[in-house]
């Protein structure tokens, strides 16, 4: 058998070492890169609002500040309202649900329910500790501040991405790259406006129906439904949990199943009527792709990753569709 020798030049070895070293440096600054990436997405979403204010003869910096106050003020208000409710009432509701399951299992000789109760409800009694670890969930205060700073800079500057792209992309690819980036930004803006409108619709309906049913904290449940609408398919399920807890606490299994049926019907109406009408200008993602994207984002970057998963998937889908159209 003929023996073959493989020769690797010193230049190739140095290139490999250089690439590995560059990847290592990127790994070291991954938090900063993630913050910058998130900032670009957020800036692409909220910049049209700043431009709208600017057209009203409001200075761009003041317009950016107004957008910041509106967006982060709403988020802060939501947490300020929601956290005290969770800390005060959730343990009591969980304890009542635990007792109810214990009574059913004892009276009907169903010991497996006791095992379910112990394995599921015991961790739930510690649900309130989730908010005491908010800093860990959001990846640390420093990353959050970096996102704020980067986003603010990107919004107050007039088309800063163009300058960045111009410095990185060769001239022969500049026009097509700028066109694709602009298309992605337009798609993200349309997605955000659509999700915002869907959130307002869902939150308003939840508040109205729960108020009619007499469920406690209907406003909180409505606010939560509106915010979690940004997490497709998974968010509405999570948003329903507090309302179901309070329904069981107030009216037992009967009211619990009424509220459960309401959320199921609402989700079907959202998915088959409101969403197609509202999101027709944005890129429509397959439901499986959306769910997988959210799960992957949560796996890599917790809540922040889940939040940006759909915008990222939308941007990638836009680029891929554009590439396939060019080839055909």
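In this note's numbering, the protein residues as written are 25 to 352. Where is the CB? At the ideal position from N, CA and C, for every residue including glycine.
- Where residue 274 is concerned, the enclosing alpha helix (DSSP H) starts and stops at 259–293.
- Annotation: residue 265 to residue 70 spans about 30 Å, alpha carbon to alpha carbon.
- Excluding the 5 residues flanking it on each side, residue 178 has same chain C-beta neighbours closer than 7 Å at 63, 64, 67, 184, in chain order.
- Setting aside the 5 residues that flank it on each side, residue 225 is surrounded in the same chain by 298, each with a C-beta closer than 7 Å to its C-beta; the list follows chain order.
- Taking a cut-off of 8 Å for Cβ pairs, the stretch 262–277 and the stretch 239–246 touch, as three or more such pairs fall below it.
- Restricting attention to 54, 344, 295, the CA atom closest to the CA of residue 218 is found in 295.
- Secondary structure of residue 238 (DSSP, three-state): coil.
- Residue 180 places its beta carbon less than 8 Å from that of residue 88.
- DSSP, reduced to helix, strand and coil, places residue 71 within a helical segment of the structure shown.
- Put simply, of 200, 55, 261 the residue whose alpha carbon is nearest the alpha carbon of residue 291 is 261.
- When secondary structure is reduced to three states using DSSP, residue 217 falls in the helix class.
- In this structure, the straight-line span from the alpha carbon of residue 101 to that of residue 223 is close to 16 Å.
- By the criterion of a C-beta distance shorter than 8 Å, residue 182 is surrounded in its chain by 84, once the five residues flanking it on both sides are discounted.
- Within the same chain, and ignoring the five residues on either side of residue 201 in sequence, the residues whose Cβ sits closer than 7 Å to its Cβ are 189, 193.
- The C-beta distance from residue 317 to residue 334 rounds to 6 Å, short enough to meet the 8 Å contact threshold.
- Take residue 230, set aside five residues on each side of it, and the residues of its chain with a beta-carbon closer than 6 Å to its own are 245, 246, 249, in chain order.
- Nearest to residue 56 by C-alpha distance, out of 46, 212, 170, is 170.
- Across the structure, residue 38 and residue 340 are spaced so that their CA atoms are roughly 33 Å apart.
- Comparing alpha-carbon positions, the option among 232, 92, 199, 252 lying closest to residue 173 turns out to be 92.
- In the DSSP assignment, residue 255 falls outside any alpha helix (DSSP H), carrying neither H nor E.
- The beta carbons of residue 36 and residue 208 sit no closer together than 8 Å.
- If you draw a straight line from the Cα of residue 210 to the Cα of residue 72, it comes to about 9 Å.
- Nearest Cα to residue 258 within the set 345, 279, 320: 320.
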